[in-house]
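Visitor:
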């Protein structure tokens, strides 16, 4: 027969467990409602340069998009696979497995921050978090801004598959001057479509968005 003390403990544990489950359910419901009320502005990624094409679909001329930027549409099939693989390895090696935020990368960035006397070595941003910053640019660098990026990244991952996230990143990433997107950069810097990049050209374009003005050719 159960002792009264043990019985009281089990009842309290069961009540605490039920409260935790209810609280988690309410939190998920609140997050879902907030996600629906404040969706990420993905339509910003659809503003591309107007193009003039030949009868075979080749690019003859392009005009700047809103903001005076050169931004050309591109799909993953139109980009050299080595470039895509290098990009993921360089920017976000767990891109295919995380849900927008990479806790391992964030912990590494925090450890580097502490170990380097408060100097930011890496931000721990995933490709999805970078996309969130590109579609909703902000100049501030703060904890609040990073948290907003993380929240937006989670929202984006709920709506889009990994290949679509990559496509949008490849369309919007900065490559120096008023060039945005890997296709505009490949044509401007090397005079070739991104599916024809050499290994050295692909390597340069992988690193360029991190510091586009200082690293551009």
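Numbering (the numbering used here), first residue to last: 528 to 744.
Built from N, CA and C at the ideal position, the CB exists for glycine as well.
Name the DSSP beta bridge partners of residue 588, please?
Guide: Residue 588 is bridged to 579.
Visitor: Nearest-angstrom Cα distance between residue 604 and residue 721?
Guide: Cα to Cα, the separation comes out at about 10 Å.
Visitor: Assign residue 735 to one of three DSSP states: helix, strand, or coil.
Guide: helix
Visitor: Does the stretch 709-726 touch the stretch 595-603, meaning 3 or more C-beta pairs lie closer than 8 Å?
Guide: In this structure the stretch 595-603 lies against the stretch 709-726, because at least three pairs of beta carbons, one per stretch, are closer than 8 Å.
Visitor: Examine the Cβ distances between the stretch 661-674 and the stretch 605-622 and report whether three or more of them are shorter than 8 Å.
Guide: no
Visitor: Let me know the secondary structure DSSP gives residue 566 once reduced to three states.
Guide: coil
Visitor: Mark residue 733 as exposed unless 16 or more other C-beta atoms lie within 10 angstroms of its C-beta, in which case mark it buried.
Guide: buried
Visitor: Counting only the same chain and skipping the five closest in sequence on each side, list residues whose C-beta sits under 6 Å from that of residue 715.
Guide: 706
Visitor: Closer than 8 Å is the cut-off here; do at least three beta carbon pairs connect the stretch 722-729 with the stretch 609-627?
Guide: yes
Visitor: Quick check on the DSSP output: the alpha helix (DSSP H) that includes residue 660 runs from which residue to which?
Guide: Taken as a continuous stretch (DSSP letters only), the alpha helix (DSSP H) holding residue 660 covers 654-662.
Visitor: Grouping DSSP H, G and I as helix and E and B as strand, with all else coil, what is residue 701?
Guide: Residue state, collapsed to three classes: strand.
Visitor: In three-state terms, what does DSSP make of residue 675?
Guide: helix
Visitor: Please list the terminal residues of the continuous alpha helix (DSSP H) segment that includes residue 618.
Guide: It spans 608-618 - the alpha helix (DSSP H) in which residue 618 sits, taken as one unbroken run.
Visitor: Based on the DSSP secondary-structure assignment, which residues constitute the bridge partners of residue 598?
Guide: 707
Visitor: Compare the Cα-Cα distances from residue 735 to each of 618, 667, 588, 691 and report the closest residue.
Guide: 618
Visitor: Could you give the distance in angstroms between the alpha-carbon of residue 803 and the alpha-carbon of residue 578?
Guide: A question about residue 803 goes unanswered here, because the residues of the chain that appear run from 528 up to 744.
Visitor: Taking C-alpha atoms, which residue in 694, 717, 738 lies nearest to residue 573?
Guide: Checking every option, the nearest Cα to that of residue 573 belongs to 694.
Visitor: Please report the distance separating the alpha-carbon of residue 688 from that of residue 626.
Guide: 10 Å
Visitor: Tell me the rounded alpha-carbon separation between residue 671 and residue 630.
Guide: 17 Å
Visitor: Exposed or buried, what is residue 591 when buried is set at 16 or more other beta-carbons lying within 10 Å of its beta-carbon?
Guide: exposed
Visitor: Which same chain residues end up closer than 7 Å to residue 614 when comparing Cβ atoms and leaving out the 5 residues on each side of it in sequence?
Guide: 733
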